[in-house]
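Chains S and A supply the protein sequences, listed in that same order. All you need for our numbering is the position in the first sequence, starting with 1, plus 1289. Just so it is clear: in the second sequence, position 430 is 419 by our numbering, and no numbers are missing. The beta carbon of each residue, even a glycine, is placed where N, CA and C say it ideally should be. Below you'll find the structure, written out as structure tokens, and then a few comments.
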Amino acid sequence: MEYAIEAQGLTRIYQNKVALYNFSLKVERGKIFGLLGPNGAGKSTLIRIIAGLEKPDDGTLKIFGSAADVKNRKRIGIAPQENAIYPLLTCMENLLYFGSLYGVGGKKARTRAVYLLENLGLGPKKDTPSEFLSGGMKRRLSLACALMHKPDIIILDEPTTGLDPATRISMWATLKQVLSESKATLILTTHYMEEAEALCEKIAFMNSGVIVAEGTLDELKKLVGKEIAKLKSVPGEPKHLVEIIKGTKGVDNVTATEHGVIMEGKDLGAEMAGISRALKDNGETVVELSISKPSLEDVFLKLTGTKLREAGKIEPDK
Amino acid sequence: MRERRTLLLLIAAPLLVLFIISAIFNESLAQKGGAMGVCDLDRTNASTLLVNGIRNASEIQDYGIGSDCGTKLIRDVNGGRLSAGLIIPNGFEQGIQMGETQNITLILDNSRFQVSPTLEAFVKAAVQETDQKIGESFILSVWQKLNGASQDLGNLHGNINETRNRTAAMRARLNLTSESLKALNISGVRDDINLANNSTQETRATLSEAKDNLTQIESNFADYDQTLNETENDLVQINDSLANISGYIAGMKAGVNCSDPVSIAYCLSLDQLDAKVKNASQTVEIRLEKVHKARADLIAANLTIQIFKAKIDAAQNSTYEAEAKIADLNGFVDDLERNRNQAIQNIDEVKASLDEIDGNTYHLEDIISSSQKQIAEVTSRSPASVISPMLVSTNRIFGQRPFFNFMLPSLLPLIMMFIALFLASTSLVREKHGGTLTRIYAAQVNKFEFAAIKVISYTIVLIPEAILLALVASLLYNAFPIQDTNTWMMVMGTMVLLIFTFVAGGVLIAIHSDSESTAFLASLVIGLPLLFLSGLLFPFEFMPPVVALLGTLMPLSQAVIGMQSVILYQSPQMATSLALILYGSIFTLLAGASIRK
């Protein structure tokens, strides 16, 4: 099997912070690979190393089977977290400029730009300065910029962050369309589990510079496998809650999180009355309770003890 | 504040500014005024005194004494290579000595507004000091001359006293001479004496003769007395005869009646006869009285003769005495002659004294003449030339142009420096944050190529700004003529180079900055020291040599020097352009090398 990306033992240490540690990853060609993880998990560092923006302190990286170098990195198209477009330039100018960086120029560039603009729904805006575009349009333009040179690997860092749900869904459709046409490999990072679920064929959960779980959507969900109940009570000291709930009938596993506890079990809904009673007897008042089938979020929460959505705004890597 | 570099810059910036300013002003306050060119064509004590006076306050650049040193000096001042120049003309000292106020010209580059007043003040102070020294020297020489004159006059005073004494002595001698000369008619005297002597002898002979005559008269008188005696006897006898006749007549009448008419006639005849006889007797009486009288007179005459004779004897004796006196007189004349000789000797001495006095008068004349000459020499000088033997006229090469015109060549690079630094650094950092830079880096663009393209693109972006600034400088502030294409080209060339340099600096800053605030602060931290060291606020001449050298080498300083050379001096300096190109290239290379991949 040909891998678009093969990372082996990548380590990147900043002054007093380990961004990546002995990190290994293989991304199959033509697949959509999602990187999920909280802030500081090392996603952006990994992307920067893949894009050639940083060098690892240790480890190797191969792109399409060859050691990463200038030549094969030119096969990568990247759309950073930010829109990464020049606001004063028109859509067309932005595309022509970024195309030129990859040696795409002249009529070919213009044709490609028109094509991308039309396909991404920016045709009517081709001569509009990008500062006047909506958030979604800017994202699409940023994506178009990354696609100007017909890359074999597309890296999208938080492609839909900050977009409203409708625009986000539209963006997903656009991405799917682009990928179906280009047959490129897509690596994306996201906070949105539903985005990963909607787009990614394979997902890696990252935390503290290492992969904590990797696999397809199903493979990951199987890590949780049962119903999950999230419970929040007052005063709600997590360790105390775990002590109370552990051993309760129907609860296979209790995990303390910073937001309460997560319980796993086969039929938690039926057992909830008994659990509530036990809590009440121990001075806890349940204020929030939800029972759901496991999602990626649940998997992540279970694996890392942290909610991805509440990981906060992603700051640029230093 | 979590950004370490920003925090570091915030802490470092004030300290850096403090260190730079302390480095600039770390030397004593006895600031130098910068290099001043001197073309001393006179090379005399006075000119050296002036030059040394200036040297105490300012560095001197000696332009030698060649005939073209003045031209070279003026060219260098006009070309901005020298802040000021002083030309001391040939004949400078001689003119001062002749009492002519010497006008020396200070050629001043008044575009160096921080330095030029100081240099002018230094020169004026040096001129004043030299004036004072020359004035003191002159007054001292006047004092010496006056002292000499006073000494001469003192000597003159002694000479006058001596002359006066001599004159008094001369006068005394002349008096003596006069006295002597008064009695000087010696020959006359001698003649008179001889004459007197002869007269005395003649007198004595005459007296002897007179005495003989008197003796003869006396003898005659004796004869005459005898005659008188005989006459008297005769007269007495006659008188007696007449008395007898009168008795006979009286007897003849006595018996006659004379009243009888016959007798009357008789009687009358008798009376007549008697009357006749009585008359005759009366005549005889008278004659007798006369004889008596004659005899008395004769006796008196004889007595007189005796007296005469005695007198003649006395006179004769006197003549002897006179002879003796004349003999004495001859002795006197001899004395007189001696006196005369003495007087002649005295006169000779007086002549000698007069010759000496005459000589002294020539000496006095010399002294007076010398004193007059010295006084004339002193007084011929105008008071102004004594008080100010030198006058400095300042030739400001830029005339009375507005102060702002001199600032513009520094302000334009300064403004452009900050604009270029801020624009390049913050824009590039913004690109970092905007993600475009990530995209560009990801495109595997050669980092040096990327840095160069960024520098060039920002430089091009700033060129309209430079043109606008140059237009404003030209149109509003008359920094240079709008129609002067050559200057325009040079100004724009310099502007483009400095923009290139500082854009490259800004790109370098941006590469190392994580945020716009860091980039902004870093630009300030770099820009402010460059400003302080550019010579705009604190002139190089006031800085310690090492700091001044460093300051001069700084890119902003090079840009300022280049702009000044173009706008003010119309003599573009290739060195500054090359320096800016070098700086810009180094910054670009450093920026490229600093890009992390």
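Whole-angstrom C-beta distance between residue j and residue i, which should lie under 8 Å
i: A:I123; j: A:I85; result: 6 Å
i: A:A441; j: A:T577; result: 5 Å
i: S:I1534; j: S:S1581; result: Actually they are not in contact, since the Cβ atoms of S:I1534 and S:S1581 sit about 17 Å apart, beyond 8 Å.
i: A:N222; j: A:V273; result: Not confirmed; about 12 Å, so no contact.
i: S:K1363; j: S:A1357; result: Between S:A1357 and S:K1363 the Cβ distance is about 11 Å, and since that is not below 8 Å, they are no contact.
i: S:N1372; j: S:K1414; result: Not quite, the Cβ-Cβ distance comes to about 14 Å (not below 8 Å), so this is no contact.
i: S:D1441; j: S:A1293; result: 7 Å
i: S:G1549; j: S:P1527; result: 7 Å
Residue i in three-state terms, based on DSSP
i: S:K1439; result: coil
i: S:E1503; result: strand
i: A:L539; result: helix
i: S:G1394; result: coil
i: A:V245; result: coil
i: S:F1322; result: strand
i: A:Q361; result: helix
i: S:T1574; result: strand
i: S:K1607; result: For S:K1607, the pLDDT reaches just 33, beneath the cut-off of 50, and the residue's location in the model is therefore unreliable, although a value from the coordinates is still provided. Correct three-state label for S:K1607: coil.
i: A:L75; result: strand
i: A:R44; result: helix
i: A:F527; result: coil
i: A:S17; result: Bear in mind that the predicted position of A:S17 carries a pLDDT of just 48, short of 50, making it unreliable; the figure below should be weighed with that in mind. In this structure, A:S17 counts as coil in the three-state DSSP scheme.
i: A:I515; result: helix
i: A:A588; result: Absent from the model: residue 588 of chain A. The displayed extent of chain A is -10 to 586, so no value can be given.
i: S:D1446; result: strand
i: A:N268; result: helix
i: S:S1423; result: coil
i: S:L1452; result: coil
i: A:V104; result: coil
Interface partners of residue i on chain A, CB under 7 Å
i: S:I1442; result: Within chain A, no residue comes near S:I1442; the closest Cβ sits about 11 Å away, beyond 7 Å.
i: S:F1387; result: R428
i: S:C1434; result: R428
Under 8 Å from the C-beta of residue i: neighbouring residues of chain S
i: A:I452; result: None at all; the shortest Cβ gap to chain S is about 17 Å.
Neighbouring residues, chain S, relative to residue i (Cβ below 7 Å)
i: A:V434; result: L1390
Per-residue contacts from residue i into chain A (C-beta, under 8 Å)
i: S:A1340; result: T427, Y430, A431
i: S:K1363; result: A432, Q433
i: S:L1359; result: Sequence check: residue 1359 of chain S is Val here, not Leu. Simply Q433.
i: S:I1367; result: T427, R428, A431
DSSP beta-bridge partners of residue i
i: S:M1610; result: Residue 1610 of chain S cannot be examined here, being either before or after the span of chain S that is shown, 1290 to 1607.
i: A:C58; result: Paired residue(s): none; A:C58 is not in a bridge.
i: S:E1295; result: S:K1315, S:K1351
i: S:N1496; result: S:V1499
i: A:N92; result: A:L380
i: S:K1491; result: S:F1322
i: S:V1523; result: S:T1574
i: S:P1418; result: S:T1379
i: A:C28; result: A:I76
i: A:I296; result: DSSP, once it has assigned bridges, lists no residue as partnering A:I296.
i: S:T1478; result: S:L1324, S:D1446
Amino acids of chain A, ordered along the chain, whose beta-carbon sits closer than 9 Å to that of residue i
i: S:I1246; result: Any answer about residue 1246 of chain S is impossible in this case: the structure gives chain S only from 1290 up to 1607.
Cβ-heavy atom distance, residue i to the ligand SAM, below 6 Å
i: A:E338; result: This structure lacks the ligand SAM; in fact it carries no ligand of any kind.
Short CB-CB distance (under 7 Å) between residue i and chain C
i: S:N1383; result: Annotation note: the requested chain C is absent from the structure, which comprises protein chains S and A.
Quiz item: Is the region 492 to 507 of chain A in contact with the region 409 to 419 of chain A, if contact means three or more CB pairs nearer than 8 Å?
Solution: yes
Self-check item: the region 88 to 99 of chain A contacting the region 319 to 328 of chain A, beta-carbon criterion three pairs below 8 Å
Solution: no
Practice problem: Evaluate the contact criterion for the region 534 to 546 of chain A versus the region 449 to 466 of chain A: three or more CB pairs, one atom per stretch, below 8 Å. | Solution: no
Exercise. Determine contact between the region 1549 to 1568 of chain S and the region -4 to 6 of chain A, defined as no fewer than three beta-carbon pairs at a distance below 8 Å.
Key: no
Quiz item: With contact counted as at least three CB pairs below 8 Å, one residue from each stretch, are the region 131 to 148 of chain A and the region 418 to 438 of chain A in contact?
Solution: no
Self-check item: Cβ contact check for the region 1380 to 1396 of chain S and the region 1461 to 1475 of chain S: 3 or more pairs under 8 Å
Solution: no
Quiz item: With a cut-off of 8 Å, do at least 3 Cβ pairs link the region 284 to 294 of chain A to the region 254 to 272 of chain A?
Solution: no
Exercise. Kindly confirm or deny that the region 395 to 411 of chain A and the region 1293 to 1311 of chain S touch, where touching means at least three C-beta pairs closer than 8 Å.
Key: no
Quiz item: Using 8 Å as the threshold, is the region 202 to 216 of chain A in touch with the region 240 to 258 of chain A, meaning 3 or more CB pairs across them?
Solution: no
Exercise. State whether the region 1487 to 1498 of chain S contacts the region 1323 to 1334 of chain S, with contact taken as three or more CB pairs (one from each stretch) at a distance under 8 Å.
Key: yes
Quiz item: With contact counted as at least three CB pairs below 8 Å, one residue from each stretch, are the region 401 to 408 of chain A and the region 142 to 161 of chain A in contact?
Solution: no
Quiz item: Is the number of C-beta pairs between the region 124 to 135 of chain A and the region 373 to 391 of chain A that are closer than 8 Å three or more?
Solution: yes
Practice problem: Examine the Cβ distances between the region 551 to 561 of chain A and the region 467 to 479 of chain A and report whether three or more of them are shorter than 8 Å. | Solution: yes
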